[in-house]
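According to the working numbering, the sequence shown is numbered sequentially starting from 773. All C-beta atoms in this analysis are idealised placements derived from N, C-alpha and C, irrespective of residue type, glycine included. All remarks here apply to the structure that follows.
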Amino acid sequence: MFTLAHLSDPHLAPLPTPRFSELLSKRLFGFLNWQKKRRDIHLFGTLEKLIADIKQQSPDHIAVTGDLINIALPDEYPIARLWLNNLGAPHDVTLVAGNHDAYIKKMEGEPLREWGAYMCGDEQTQAAFPFVRKRGPVAIVGLSTAVASRPGRATGRLGAEQLTHLPGILKKLGEEGTFRIVSLHHPPESEPHRHSERLIDGKAFVAAIAESGADLVIHGHEHIHSVAWIDGAGRRVPVVGVPSASAAPRGGKWQPAGYNLYRIEGGPGAWRCEMASWSMNRDGETYEIGRRMLMRTKIKTRN
Ligand SMILES: [Fe+2]
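Structural data, given as structure tokens:
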């Protein structure tokens, strides 16, 4: 059995003190939002407890689906690199970046520069998207949706290049018999009230999965436990989101910190994938909130 832990959106706190000149951009809105609201939601102590719990489960691999930082201050990137190093070695942790990691245009390249080792495919010497990492029976396909957007927006974009390469990669991995996990920050489809936070080319992504198939899609961004389903070459593909890994366990309307564990076993034509979802109670203790079978392929037997 292969176990994958999935966490997202740690939004590392505390926020470094910005220089005045660094706030002459969209960062100003993000900084005010942090001071007014987000600094009470994203707590480093909560994140540490959650990570300790994940490590106790001894997963074979950890996937992090972006938004390590908040407003793309230059000082946030090296802090997040240290955090990643503490989480695990690049071989054992796979990252994709989120919109907060590329908050303003001039910092869009920074996630790759600082955290590239965690986004580098098996056959690449430099991080590039899509990347493929094979671990045990699993292939993780990492996509980037991290682009800067206007103030008040948190949209993502895959772009033509990733969308062109994705179907071929998924088809090849399917022929090789791997369990295909696609990892991206934004959910492919959003509710209408989340229009300003959507994946702009989500429809093209959904079409690519419908054409080529995948076994599991994981994402962050919405800061809630969620499961949706999309078509995938003749079968349904689960699309799973998790809460922010640092969300305070007691407080306002947000969901407390949580993560998922996916237990994957079987083989081509007979995969089994069970998801266990974990959350944090008001006392800051983690507990399993439920289990769900995402895939159970019946093995055909001859009479
Ligand atoms: Fe986020």
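Go ahead and label Ala1042 buried or exposed: buried means 16 or more other beta carbons lie within 10 angstroms of its beta carbon, across all protein chains shown.
Classification of Ala1042: exposed, given that the 10 Å Cβ count is below 16.
For Ala852 and Lys943, I'd like the C-alpha separation in whole angstroms.
Taking the straight line joining both Cα atoms gives about 34 Å.
Tell me which same chain residues have a C-beta within less than 8 Å of the C-beta of Arg925, skipping the five on either side of it?
Around Arg925: Ser968 and Glu969.
For a test of your reading of the model: does the CB of Asp812 fall under 7 Å from any non-hydrogen atom of ligand 1? Yes or no.
No, since every heavy atom of ligand 1 falls outside the 7 Å radius drawn around the Cβ of Asp812.
Look up Gly1030 in the DSSP assignment and give the residues it is bridged to.
BP columns for Gly1030 point to Ser1051.
For the segment 840 to 849 against the segment 800 to 807, are there 3 or more C-beta pairs whose distance is under 8 Å?
With a cut-off of 8 Å, the segment 800 to 807 and the segment 840 to 849 count as touching, because enough Cβ pairs lie within range.
In this structure, does DSSP put Gln896 in helix, strand or coil?
Gln896 falls in the coil class under three-state DSSP.
Along the chain, which unbroken stretches of the beta strand (DSSP E) at least 3 residues long are found entirely within the segment 900 to 966?
Listed in chain order, they are 903 to 907, 910 to 914 and 951 to 955.
Give me the pocket residues for ligand 1, defined as CB within less than 7 Å of any heavy atom, sorted by chain position.
Taking each Cβ in turn, the ones that pass are Asp781, His783, Asp839, Gly870, His872, Gly992, His993, His995 and Ser1016.
So the candidates are Met1065, Gly1056, Pro1028 and Arg1022; which of them puts its Cα closest to the Cα of Tyr1034?
Nearest C-alpha to Tyr1034: Met1065.
Within this structure, are the beta carbons of Leu930 and Thr837 separated by less than 8 Å?
Contact: no.
State the DSSP-derived secondary structure class of Gly817, mapped to helix, strand or coil.
Looking at Gly817 - three-state DSSP - the assignment turns out to be helix.
Going by C-alpha distance, which of Lys808, Leu840, Leu867 and Val978 is nearest His833?
Answer by Cα proximity: Leu867.
Take the Cβ of Thr950 as the centre, count every other Cβ of all protein chains shown within 10 Å, and call the residue buried at 16 or more, exposed below.
With 16 or more Cβ atoms within 10 Å of its Cβ, Thr950 is classed as buried.
What are the boundary residues of the alpha helix (DSSP H) that Trp855 is part of?
Per DSSP, Trp855 belongs to the alpha helix (DSSP H) from Glu848 to Leu859.
Going by Cα to Cα distance, which pick from Pro964, Glu983, Glu947 and Ala1017 is closest to Gly1006?
It is Glu983 whose Cα lies nearest to the Cα of Gly1006.
Can you tell me whether Asp894 is buried or exposed, with buried defined as 16 or more other CB within 10 angstroms of its CB?
Label assigned to Asp894: exposed.
Once the 5 residues before and after Val1014 are set aside, which same chain residues still bring their CB inside 7 Å of it?
Within the same chain, Val1014 has close Cβ partners His778, Leu779, Ser780, Gly992, His997, Gly1030, Tyr1031 and Asn1032.
What residue does the alpha helix (DSSP H) around Leu804 start on, and which one ends it?
Leu804 -> alpha helix (DSSP H) spans Arg799 to Asn805.
If the criterion is Cβ atoms closer than 8 Å, does the pair Ala1020 and Gln1027 meet it?
No, these two residues do not count as a Cβ contact at 8 Å.
Could you check what DSSP says for Pro1015 in three-state terms: helix, strand or coil?
Residue state, collapsed to three classes: coil.
How would you write the range of the beta strand (DSSP E) that Arg1068 sits in, first residue to last?
Counting along the chain, the beta strand (DSSP E) containing Arg1068 begins and ends at Thr1058 to Arg1068.
Within the same chain, show all residues whose beta-carbon is closer than 8 Å to that of Pro788, passing over the 5 residues directly before and after it, in chain order.
Same-chain partners within the cutoff: Leu845, Asp847, Glu848 and Ile851.
Count the other CB atoms, across all protein chains shown, that sit within 10 Å of the CB of Pro964; report buried if there are 16 or more and exposed otherwise.
Counting Cβ neighbours within 10 Å, Pro964 comes out exposed, since fewer than 16 surround it.
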